[in-house]
Amino acid sequence: MSEERLERVENQLSVLQQDMTATKQNVDALRDDVSSLRQRFDSFEGTILTAIREGFDSLRRYSDDLNYEVADNARATRLLKRRVARLERKEED
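Final position of the sequence shown in my numbering is 187; the numbers increase by one with none missing.
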C-alpha cells in the first residue's frame, strides 16, 4: 500500500512538474507578447507624434503663405493709394 502511495505521489509530482513547465512557457510567451506590444505602442506613438508635428508644420506653412499674401496686398494697396493721390493732384492742377 505504501508503494501505491509513493507511486501516486510520484505521478502527482510529475504532473506538477509538467504544469510548472507549461506555466513557465506561458509566462515566457506572455513576456514576448508584452515586449511586442511595447514595440508596437512605441511605433504607434511615434507615428502619431509625426502626424501631429506634420499637421502643425502644414498649418504653419499655410499661415506663412497667408501672411505673405496679406503683406503683398498691403504693399499693392499702398502703391495704388499713391497713384490715386498723384492722379487726383494732376486733376486738380
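Beta carbons are placed, not taken as given, at the ideal position from N, Cα and C, and that holds for glycine.
At the level of alpha carbons, what is the spacing between residue i and residue j?
i: residue 147; j: residue 121; result: 38 Å
i: residue 108; j: residue 97; result: 16 Å
i: residue 106; j: residue 99; result: 10 Å
i: residue 179; j: residue 185; result: 10 Å
i: residue 150; j: residue 174; result: 36 Å
DSSP three-state call for residue i: helix, strand or coil?
i: residue 159; result: helix
i: residue 187; result: coil
Report task. Entirely within the stretch 100–136 and at least 3 residues each: give me those beta strand (DSSP E) ranges in chain order. Result -> none
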